[in-house]
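In our numbering, the protein residues as written are 5 to 210. Beta carbons are placed, not taken as given, at the ideal position from N, Cα and C, and that holds for glycine. Working notes, beginning with the structure itself.
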Amino acid sequence: MQLLRLLFRIYYGSRIRFFSIIGTLFFKVILKAFGAKFGRNLKCDGFPIVRLKPDSNVIIGDNFRVHSSEDFNIIGRFHRTGIVTGHNASLIIRDNVGISASTIVCYKKIEIGNNVMIGGNCVIYDTDFHSIDNKMRRDPATNIAANFTKPVSIGDEVFIGAHSTILKGTVIGRGAVIGAGSVVTGNIPEFELWAGNPAKYIKKIP
């Protein structure tokens with residue numbers, strides 16, 4: 005039994021190191037290929053889905069950490085992290101940001117501050133993708149995601165709990181916490197806990 009445990013630890017540790025090294029290299033190559041800028045100590049565990057328009061502006065700060073594999077940060081979701089931008093979109097991710105098995109879709113502008121934690125299976129959208137007007141949805145000329153956008157701003161020190169949805173036009177203040185499974189739209193003041201669908205004020209954070 006001890007031998008089996010030892011062999012498992014060797015196998016699992018080697019697998020994690022391999023996918024971390026290869027995933028980081030893959031992510032850096034993709035970012036460079038699309039003209040994105042990134043800082044020091046970027047690390048990516050696994051292989052994210054990256055779809056960047058060449059005319060979009062993507063800037064990532066230092067110490068960006070991405071979990072994009074079932075072997076890392078197992079929280080009950082096993083899909084990969086995704087980052088998508090539209091034409092002329094601006095995606096700014098500042099220093100010391102971490103993201104797990106989540107998706108960012110930026111068609112206009114998304115800015116994520118320093119020291120932000122994005123929990124597993126979250127989505128951050130600055131677009132509705134489709135109009136609520138059925139006539140516009142029927143017309144391919146108007147049923148375009150870039151037509152239904154509002155910027156998203158996430159302040160420094162924010163923690164977004166797992167399985168949360170951040171919708172277009174959302175502004176989250178510094179130090180705020182979003183409870184797991186929340187749907188967020190509008191303005192969240194700094195240093196407050198909000199949770200629910202739709203997210204509502206719970207309490208102040210000391």
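Segment limits, beta strand (DSSP E) that includes residue i
i: D49; result: K47 to G50
i: S106; result: No beta strand (DSSP E) holds S106; DSSP gives it neither H nor E.
i: R55; result: I53 to R55
i: A199; result: E196 to A199
i: G86; result: G86 to T89
i: E115; result: K113 to I116
i: H71; result: R69 to S72
i: I128; result: V127 to Y129
Close beta carbons around residue i, own chain, < 6 Å, minus the five adjacent residues each side
i: K41; result: I63
i: T174; result: V156, V188 and T189
i: I59; result: In the sequence as displayed, the identity of residue 59 is Asp instead of Ile. Correct list, in chain order: H91 and N92.
i: F163; result: M121 and V181
i: K47; result: T28 and R69
i: K154; result: K172 and G173
Residue closest to residue i, alpha-carbon to alpha-carbon, out of the options
i: I104; options: L197, T153, G124 and G27; result: Checking the displayed sequence, the identity of residue 104 turns out to be Ser instead of Ile. Ranking the options by Cα distance to S104, first place goes to G124.
i: I53; options: N67, D59 and R84; result: R84
i: G190; options: N201, I176, L197 and V162; result: I176
i: D99; options: T107, I114 and N119; result: N119
i: D160; options: D59, I170, V101 and L29; result: V101
i: I114; options: I170, R141 and P144; result: I170
i: D130; options: R142, P144, D49 and K112; result: K112
Spatial distance of residue i from residue j (CA atoms)
i: P193; j: Q6; result: 53 Å
i: I34; j: C110; result: 17 Å
i: N61; j: I87; result: 13 Å
i: N92; j: K57; result: 8 Å
i: H167; j: S186; result: 7 Å
i: I206; j: F195; result: 11 Å
i: S72; j: T107; result: 10 Å
i: F31; j: C126; result: 20 Å
i: P144; j: I136; result: 14 Å
i: I26; j: I158; result: 30 Å
i: G39; j: R178; result: 29 Å
i: F23; j: N138; result: 45 Å
Contacting residues, own chain, Cβ-Cβ under 7 Å from residue i (five flanking each side not counted)
i: R21; result: none
i: D132; result: F152 and K172
i: T89; result: L56, K57, S60, V62, L95 and C110
i: P202; result: V187 and T189
i: F51; result: G27, F30, S72 and R84
Neighbourhood of residue i by C-beta distance below 8 Å, restricted to the same chain and skipping five residues each side
i: R44; result: D66 and N67
i: W198; result: A180, V181, I182, G183, S186, V188, I192, K204, Y205 and I206
Whole-angstrom C-beta distance between residue j and residue i, which should lie under 8 Å
i: I97; j: I116; result: 5 Å
i: A184; j: G165; result: 4 Å
i: R141; j: H134; result: 5 Å
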